[in-house]
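Each number in this note's numbering corresponds to the 1-based position in the sequence shown with 1387 added.
Beta carbons are placed, not taken as given, at the ideal position from N, Cα and C, and that holds for glycine.
Please read these numbers as outputs of a predicted model, since none were measured by experiment.
Reviewing the structure listed below.
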Amino acid sequence: MNTEQTQPAGPDLSKGVALSAFVDGKLLGHVGEDEILLVRLGDDVLAVGAQCTHYHGPLADGIVVGDSVRCPWHHACFNLRSGEAEHAPAFDPLPRWQTEQRDGKIYVGEKLESGTKTRAKAGNSGDKFVVIGGGGAGFAAAEMLRREGFQGSITMLSHDAAPPVDRPNLSKDYLAGSAPEDWLPLRPDDFYANNNIALNVGTNVSGIDTTAREVVTDDGHRFSFDRLLLATGAEPVKLSIPGAEQPHVLTLRSLADCRAIIKQAESARRALVIGASFIGLEAAAALRARDIEVHVVAPEQVPMARILGPEMGAFVRALHGQHGVVFHLGESVSAFEGKLALLKSGAKLEADLVVVGIGVRPRLALAEQSGLTLDRGVAVDAFLETSVPGIYAAGDIARWPSAQFGNIRVEHWAVAERQGQTAARNMLGRRERFDAVPFFWSQHYDVPINYVGHAEQWDEIAIEGDIMAKDCLLRYKQNGRVQAVASIFRDVASLEAELTMEREAA
């Protein structure tokens, strides 16, 4: 993803601009080196930073909904009046500037104080909240609790060795070598101490005593809680075949996993990716960027057809083929003999590095041991509360009742973060329904695929544009109703589809 700074676009807003210059209520300009987006809201004209604080997406190309603006790239949402990042995957607020209207023009003045203001104090200072999990949901919950003014203690217990990181980057730019490591942390290390969040990494939770309201870790520590968020996420499915335990056979989930792959990639000549999942194929693209020969073995005949349909799946295969990836479809690996992978067809592939991307499974053992109701995930209500009062679940493990899609569980990064934010507010007694439309993005070389909605099955795919020309929007329908929309370089249409689904569910 290109985040290089360029010369600020548009007119110099400090010199004034006519209201007639606005297009659809927006105008892109600058003051000095700062790129600024002006937005008309009724009689008001507001000035905010023109780039999303997640990955610098161009907000001028997004859409304005009420008092907010949505990023066209990854659907982050910002309040135009406060600058606050209202919905993940962005967390940092937009900068803002003063504006003045005189003589039929809008003038942008001084930059306003930056930073999200916390709400009035929430909760009691003696309240103890515990978050189990250091992924997107767990981090977003802890961050939102402090943003909402929670005064009590927050303890995060994470089995990961590293503080919360931007996991999608692990299979994209960072793995490809085009993103520095300082892009990865969701917040700098000092964020946790500065916000009085006790982050315990490398910590395994062995049990939850729902009667005593205590969390027990493997080393015998006990953490009492008034409210608890379970956000244990998912773990990669591992191969159970001879030779799979070898050190060059790796999975990709954590920062440690990614570092291990990068280390082996430094000397690898050929890599084998097992599985044509999003993670598998993103990893394939990243390894090709490192000029490694890549082979993909997968049982399906068309990659990702189950999620994206045959036409988009054929495009994904062709795209990777154009970049030199060799597919072995309708195949599986039956065993490894040293660096040789034995395929069920009898063929053999030699590989210095193997990345296994055959899916993930939710980490449900802790919830099951604790007596929480399970339903192919942890069953939660519309407020993300489990069957045990005061215990919430979010992220990959949570199955929730969606007004639009029924009872669903999804494994999308943005969904996990947004659920963490909603769970945090509900832990404070807000009683806010989780009604966000599922969204994810996938990056293959220079081609982004955005997906909104949730279609476990469909009876029609309506295609607009040209998939092979990388300009398309696909609507997945069941009984005439749109369940999901996938798109390539149709960012506004993707945002509009998300908004339509939200309004249909309201």
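Assigned exposure category for alanine 1734 - 16 Cβ within 10 Å defines buried | Exposed, by the Cβ-count rule.
Would you check if the distance between the CB atom of glycine 1764 and the CB atom of isoleucine 1784 is smaller than 8 Å?
-> In this structure, isoleucine 1784 lies closer than 8 Å to glycine 1764 by Cβ.
Would you tell me roughly how many angstroms separate the C-alpha atoms of proline 1686 and glutamate 1622, rounded to the nearest one?
-> Cα-Cα distance, rounded: 21 Å.
Helix, strand or coil for isoleucine 1679, going by three-state DSSP, please let me know.
-> Isoleucine 1679: coil per DSSP, three-state reduction.
Beta-bridge pairing of threonine 1486 - partner residues as DSSP gives them = In DSSP, threonine 1486 forms a bridge with Val1495.
Spatial neighbours of histidine 1462 in its chain, beta-carbon cut-off 6 Å, leaving aside the 5 residues before and after = Excluding sequence neighbours, histidine 1462 sits near Phe1826.
Spell out a yes or no on whether the segment 1557-1571 and the segment 1611-1627 are touching, meaning 3 or more CB-CB pairs, one atom from each, closer than 8 Å.
-> Too few Cβ pairs lie closer than 8 Å, so no.
Terminal residues of the beta strand (DSSP E) in which proline 1749 lies = 1747-1749 is the extent of the beta strand (DSSP E) around proline 1749.
Under 8 Å, do arginine 1657 and aspartate 1739 count as touching if we go by C-beta distance?
-> Yes, they are a contact pair.
Using CA coordinates, which residue listed in Val1720, Arg1427, Asn1813 is at the minimum distance from leucine 1414?
-> Measuring from the Cα of leucine 1414, the nearest candidate turns out to be Arg1427.
Just reading off the alpha helix (DSSP H) that tryptophan 1800 is part of, what are its end residues?
-> That run of the alpha helix (DSSP H) goes 1800-1814.
Minimum C-alpha distance to alanine 1408 - residue among Gln1651, Asp1431, Ile1493 = That would be Ile1493, whose Cα lies nearest to the Cα of alanine 1408.
Taking Cβ to Cβ, would you say glutamate 1669 is nearer than 8 Å to glutamine 1830?
-> In this structure, glutamate 1669 lies near glutamine 1830, with their beta-carbon atoms less than 8 Å apart.
Go through its chain and collect everything with a Cβ distance to arginine 1805's Cβ below 8 Å, but skip five positions before and after it.
-> If the five residues before and after arginine 1805 are omitted, its C-beta is found closer than 8 Å to the C-beta atoms of His1474, Ala1475, Ala1527, Phe1821, Ala1823, all from its own chain and listed in chain order.
Please determine, among Leu1544, Asp1454, Gly1436, the residue with the shortest C-alpha to C-alpha distance to alanine 1447.
-> Ranking Leu1544, Asp1454, Gly1436 by CA distance to the CA of alanine 1447 puts Gly1436 first.
DSSP puts arginine 1862 in a beta bridge; with which residues?
-> DSSP lists Ala1849, Val1872 as partners of arginine 1862.
Taking the alpha-carbon positions, what's the leucine 1751 to glutamine 1485 distance?
-> Rounded to the nearest angstrom, the two C-alpha atoms are 50 Å apart.
For arginine 1818, does the count of other Cβ atoms within 10 angstroms reach 16, so buried, or fall short, so exposed?
-> A residue is called buried once 16 or more other Cβ atoms fall within 10 Å of its Cβ, and arginine 1818, having fewer, is exposed.
Cβ pair methionine 1543, isoleucine 1584 closer than 8 Å = Contact flag set, yes.
Considering only residues of the same chain and omitting the five flanking positions on each side of glutamate 1718, which have a CB-CB separation below 8 Å?
-> Cβ neighbours of glutamate 1718 within its own chain (closer than 8 Å, five residues either side excluded): Val1684, Ala1685, Pro1686, Leu1730, Lys1731, Ser1732, Ala1734.
Should valine 1636 and valine 1741 be called a contact, given that it needs their Cβ atoms to be closer than 8 Å?
-> Result yes, Cβ atoms of valine 1636 and valine 1741 sit closer than 8 Å.
Buried/exposed call for threonine 1598, threshold 16 Cβ in 10 Å | So threonine 1598 ends up on the exposed side.
Helix, strand or coil at valine 1404 according to DSSP, with G and I counted as helix | Valine 1404: strand per DSSP, three-state reduction.
Do you know offhand how far leucine 1891's Cα is from glycine 1840's?
-> According to the sequence shown, residue 1891 is glutamate rather than leucine. Their backbone Cα atoms lie some 12 Å apart in a straight line.
Which residues in the same chain as glycine 1711 place their Cβ atom closer than 8 Å to its Cβ, once the five residues preceding and following it in sequence are excluded?
-> Close CB contacts of glycine 1711 within its chain, under the 8 Å cut and outside five residues either way in sequence, are with Arg1675, Glu1680, Val1681 (chain order).
8 Å CB neighbourhood of aspartate 1576 in its chain, flanking five on each side removed = Apart from sequence neighbours up to five positions away, the residues of its chain that approach aspartate 1576 with a beta-carbon distance below 8 Å are Pro1550, ordered along the chain.
Quick one: what's got a C-beta closer than 6 Å to alanine 1780's C-beta in the same chain, skipping five residues either side?
-> Setting aside the 5 residues that flank it on each side, alanine 1780 is surrounded in the same chain by Leu1617, Val1765, Val1767, Thr1773, each with a C-beta closer than 6 Å to its C-beta; the list follows chain order.
Same chain, Cβ closer than 7 Å to alanine 1529, neighbours up to 5 away in sequence not counted = Excluding residues within five positions, the ones whose Cβ falls inside 7 Å are Val1518, Ile1541, Met1543, Ile1584.
Is DSSP giving tryptophan 1787 helix, strand or coil here?
-> Correct three-state label for tryptophan 1787: strand.
7 Å CB neighbourhood of lysine 1857 in its chain, flanking five on each side removed | The answer, listed in chain order, is Val1834, Ile1875, Phe1876.
Could you name the residues of the same chain whose beta carbon sits closer than 6 Å to that of histidine 1715, not counting the 5 residues immediately before and after it, in chain order?
-> Excluding sequence neighbours, histidine 1715 sits near Val1684.
Whole-angstrom distance between alanine 1790 and valine 1592, CA atom to CA atom | Going by the C-alpha atoms only, they are around 33 Å apart.
Please go through the segment 1660-1714 and give each complete alpha helix (DSSP H) segment of 4 or more residues, from N-terminal end onward.
-> For the segment 1660-1714, whole alpha helix (DSSP H) runs of length 4 or above, ordered along the chain, are 1665-1676, 1692-1709.
Could you name the residues of the same chain whose beta carbon sits closer than 8 Å to that of asparagine 1511, not counting the 5 residues immediately before and after it, in chain order?
-> Correct list, in chain order: Gln1538, Gly1539.
For the segment 1522-1554, which segments carrying the alpha helix (DSSP H) assignment without a break, of at least 4 residues, lie completely within its bounds, in sequence order?
-> You should have 1523-1534.
Quick one: what's histidine 1417 bridged to in DSSP?
-> In the DSSP secondary-structure assignment, histidine 1417 is bridged to Asp1399, Glu1422.
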